[in-house]
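Working notes, structure below.
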Amino acid sequence: MTAARWVTLAVVSAATAMLLLDVTIVYVALPAIQQDLGASFASMQWVIDAYTVALAATLLGAGALADRLGRRVVFAAGLAVFTIFSALCGLAGSALVLDLARGAQGIGAAAMFAASLAILAHEFRGAERGFALGVWGAITGAALAVGPLLGGLVVDGLSWRWIFLVNVPLGIVLVIATLRALPESREPRPGRLDVAGMVLFGAATFLAVLGLIRGNEDGWGSAPIVAALVGAGLLFVAFVAVERRAEAPMLPLALFRIPAFSGTALIAFAQSVAIYPLLLFLAIYLQNALGYTPTEAGLRLLPMTLLILAVAPISGKLTGRLTLRVPLVGGLVLFGIALFAMRGIAPEDEWTRLLPGLLIGGVAVGMISPALAAAMVAVLPVERSGLSSGINNTFRQLGIAIGIAGLGAIFDHHADVGTAAGITHGLHAVGLVAAIVAVVAAAVAWPLLGRQRSTPAATTAAAERPAAG
Numbered sequence: 001m002t003a004a005r006w007v008t009l010a011v012v013s014a015a016t017a018m019l020l021l022d023v024t025i026v027y028v029a030l031p032a033i034q035q036d037l038g039a040s041f042a043s044m045q046w047v048i049d050a051y052t053v054a055l056a057a058t059l060l061g062a063g064a065l066a067d068r069l070g071r072r073v074v075f076a077a078g079l080a081v082f083t084i085f086s087a088l089c090g091l092a093g094s095a096l097v098l099d100l101a102r103g104a105q106g107i108g109a110a111a112m113f114a115a116s117l118a119i120l121a122h123e124f125r126g127a128e129r130g131f132a133l134g135v136w137g138a139i140t141g142a143a144l145a146v147g148p149l150l151g152g153l154v155v156d157g158l159s160w161r162w163i164f165l166v167n168v169p170l171g172i173v174l175v176i177a178t179l180r181a182l183p184e185s186r187e188p189r190p191g192r193l194d195v196a197g198m199v200l201f202g203a204a205t206f207l208a209v210l211g212l213i214r215g216n217e218d219g220w221g222s223a224p225i226v227a228a229l230v231g232a233g234l235l236f237v238a239f240v241a242v243e244r245r246a247e248a249p250m251l252p253l254a255l256f257r258i259p260a261f262s263g264t265a266l267i268a269f270a271q272s273v274a275i276y277p278l279l280l281f282l283a284i285y286l287q288n289a290l291g292y293t294p295t296e297a298g299l300r301l302l303p304m305t306l307l308i309l310a311v312a313p314i315s316g317k318l319t320g321r322l323t324l325r326v327p328l329v330g331g332l333v334l335f336g337i338a339l340f341a342m343r344g345i346a347p348e349d350e351w352t353r354l355l356p357g358l359l360i361g362g363v364a365v366g367m368i369s370p371a372l373a374a375a376m377v378a379v380l381p382v383e384r385s386g387l388s389s390g391i392n393n394t395f396r397q398l399g400i401a402i403g404i405a406g407l408g409a410i411f412d413h414h415a416d417v418g419t420a421a422g423i424t425h426g427l428h429a430v431g432l433v434a435a436i437v438a439v440v441a442a443a444v445a446w447p448l449l450g451r452q453r454s455t456p457a458a459t460t461a462a463a464e465r466p467a468a469g
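Numbering (UniProt numbering), first residue to last: 1 to 469.
As structure tokens, then:
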């Protein structure tokens, strides 16, 4: 592999890891943020979901822009926006300002995320692509689990504000490196931008998350919550109707007739629903129930991180030799087993009672991350890789947003946050639901993925054939 490709891989992986860290790095910092800003539990959910909702709502549009304007320029623009609003997050004086800045930060992250896999897919071929995606998957998968530890170290050593401010110098360096070193690529025949689809999808996602987050506080039968959830459903229906008739839809519904594409999207959504929220509620449990500091809580999640780092490169190498459903479905089932292994924990137990589940979960995430990265660019032709990675990463971020909001509602309903017993009960409830989501999604995805491998050749013809309706 040439030096230029190494630089491309390093820059793309570092930037993607930075944006993913900003999902999980706030987990152990939430109690400190809540105390400093005098915020409610619902406001703290928005610290995460404002970011992920904005990311999910704009990823599809960002993928289309990357194919049209150029992947490097969209990647660099996203980095710049992300860096500017990271600074504003660190300077926020209220929960509202922080949530709004997090939303804007998520828009920048969407541009980065949508372009990242498309850049790698364009630059790497054959065995080199498998290696590059394995490295990318290992780094981004580790960012998922290392975030709580880094967040704890920063909060205890400096302040919660520095979990955002640290992005500023790194972001500036990466913008310069992107403009100087990364090659440009774009779709030769881009279609029109689907503005109506972007607006409908974003509004529907926002209303769904709003209803889930506010449901316990306002009452599930209250007029505002019913209006939000019903409105979300109607907007999703309108979104589907618009996409069916659009000349150049941002989400071509015909793609879901490709079984491997549907299976990959399902895995992307389900693993985010199950994995990301679990880390949040484990961080709350370790701090508020067991009394650990943010750093101590992050350290107790370290075994999972180390196994992700160890397993992901191996999974990346094996992905090219196996069908995609082996690491994807196998990893999701294994994570369901990890969640069941954590059940039965009592308020008086030591944290080591969680260790078997954390170890199994680390292996599972290490299996899934590089395989999912490979699947995202394998199920469509290379020239549509921006669209493919944008769609599948949308399902990932949508899964995080819905998972945090939905499982957060379950946790808040079952847990009295003032008692160790209540928090433990809430952890049991969300763990059970997340395990069911993981296992059911794995069962549905297995036949959809079929014999699909990490090469676009198997689906190119299917993806390019026009479909009726």
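Glycine included, C-beta positions come from ideal geometry on N, C-alpha and C.
Counting only the same chain and skipping the five closest in sequence on each side, list residues whose C-beta sits under 8 angstroms from that of residue i.
i: Val175; result: Ala76, Leu79, Ala80, Thr83
i: Ala268; result: Leu372, Met376, Asn392, Asn393, Phe395, Arg396, Gly399
i: Met198; result: Ala57, Thr58, Leu60, Gly61, Met250
What are the boundary residues of the alpha helix (DSSP H) that residue i is part of?
i: Phe345; result: Correcting the residue identity first, residue 345 is Ile in this sequence and not Phe. Where Ile345 is concerned, there is no enclosing alpha helix (DSSP H), given that its DSSP letter is neither H nor E.
i: Leu255; result: Counting along the chain, Leu255 falls outside any alpha helix (DSSP H), and DSSP gives it neither H nor E.
i: Tyr285; result: Neither: Tyr285 is in no alpha helix (DSSP H) and is coded neither H nor E.
i: Val51; result: Looking at the sequence itself, residue 51 is Tyr, so the reference to Val does not match. Looking at the DSSP string, the run of the alpha helix (DSSP H) that includes Tyr51 is 41-69.
i: Thr424; result: 420-449
i: Ile25; result: Careful: Ile25 lies outside any alpha helix (DSSP H) and carries neither H nor E.
i: Arg215; result: Note that residue 215 is Gly in the sequence shown, not Arg. Taken as a continuous stretch (DSSP letters only), the alpha helix (DSSP H) holding Gly215 covers 195-218.
i: residue 538; result: Because the chain in this structure spans residues 1 to 469, residue 538 falls outside the shown range and cannot be described.
i: Ala162; result: At residue 162 the sequence reads Trp, which differs from the Ala that was named. That run of the alpha helix (DSSP H) goes 162-165.
i: residue 524; result: Nothing about residue 524 can be reported from this structure: the residues present for the chain run from 1 to 469 only.
i: Leu299; result: 294-300
i: Val38; result: The sequence given here places Gly at residue 38; Val does not occur at that position. First-last for Gly38: undefined, no H or E at that position.
i: Glu354; result: The question names Glu, yet the displayed sequence has Leu at residue 354. Counting along the chain, Leu354 falls outside any alpha helix (DSSP H), and DSSP gives it neither H nor E.
i: Gly291; result: Looking at the DSSP string, Gly291 is not in any alpha helix (DSSP H), and its letter there is neither H nor E.
i: Gly336; result: 325-341
According to the neighbour-count rule (16 or more other Cβ atoms, all chains shown, within 10 Å of its Cβ), is residue i buried or exposed?
i: Thr2; result: exposed
i: Pro169; result: exposed
i: Asp349; result: exposed
i: Thr264; result: buried
i: Ala35; result: First, the amino acid is wrong: residue 35 is Gln here, not Ala. That one is exposed.
i: Ser40; result: exposed
i: Arg102; result: buried
i: Pro370; result: buried
i: Glu243; result: buried
i: Val237; result: exposed
i: residue 536; result: Any property of residue 536 remains undetermined from this structure, which presents the chain solely from 1 to 469.
i: Thr419; result: exposed
i: Arg71; result: buried
Taking the alpha-carbon positions, what's the residue i to residue j distance?
i: residue 472; j: Met367; result: The chain is shown only over 1 to 469; residue 472 falls outside these bounds and no answer can be derived.
i: Leu193; j: Leu98; result: 30 angstroms
i: Asp49; j: Arg245; result: 30 angstroms
i: Ala95; j: Leu37; result: 6 angstroms
i: Glu123; j: Trp160; result: 38 angstroms
i: Pro249; j: Leu19; result: 27 angstroms
i: Leu212; j: Trp220; result: 9 angstroms
i: Pro347; j: Leu290; result: 8 angstroms
i: Val173; j: Gly233; result: 42 angstroms
i: Val135; j: Val74; result: 22 angstroms
i: Asn167; j: Leu153; result: 15 angstroms
i: Gly157; j: Gly151; result: 10 angstroms
i: Pro327; j: Pro252; result: 27 angstroms
i: Ala461; j: Gly63; result: Low per-residue confidence applies at Ala461: pLDDT is 38, beneath 50, and the placement is therefore not dependable enough to give any value.
i: Arg257; j: Leu448; result: 10 angstroms
i: Tyr292; j: Leu100; result: 30 angstroms
i: Gln105; j: Val240; result: 27 angstroms
i: Leu286; j: Val273; result: 21 angstroms
i: Ala118; j: Ile314; result: 23 angstroms
Ordered along the chain, which non-local residues of its own chain (more than five positions away) have a Cβ less than 7 angstroms from that of residue i?
i: Trp446; result: Arg325, Val329
i: Ala56; result: Thr205, Thr394, Gln397, Leu398, Ala401
i: Asp412; result: Phe41, Asn216
i: Ala338; result: Gly357, Ile360, Gly361, Ala364
i: Ala270; result: Leu332, Gly399, Val437, Ala438, Ala441
i: Val47; result: Val26, Leu30, Ile33, Leu98, Asp99, Arg102
i: Ala92; result: Leu98, Ala101
Can you give me the Cβ contacts of residue i inside the same chain, cut-off strictly under 6 angstroms, excluding the 5 residues immediately before and after it?
i: Ser43; result: Ala95
i: Ser116; result: Val12, Thr16
i: Leu407; result: Pro277, Val430
i: Thr58; result: Ile107, Ala110
i: Ala442; result: Val329, Leu332, Val333
i: Gly202; result: Ala57
i: Leu65; result: Val74
i: Thr8; result: Glu123, Leu182
i: Gly336; result: Ala435, Ala438, Val439
Indicate whether at least one CB of chain E lies closer than 7 angstroms to the CB of residue i.
i: Gly106; result: In the structure shown, chain E cannot be found, because there is only a single protein chain.
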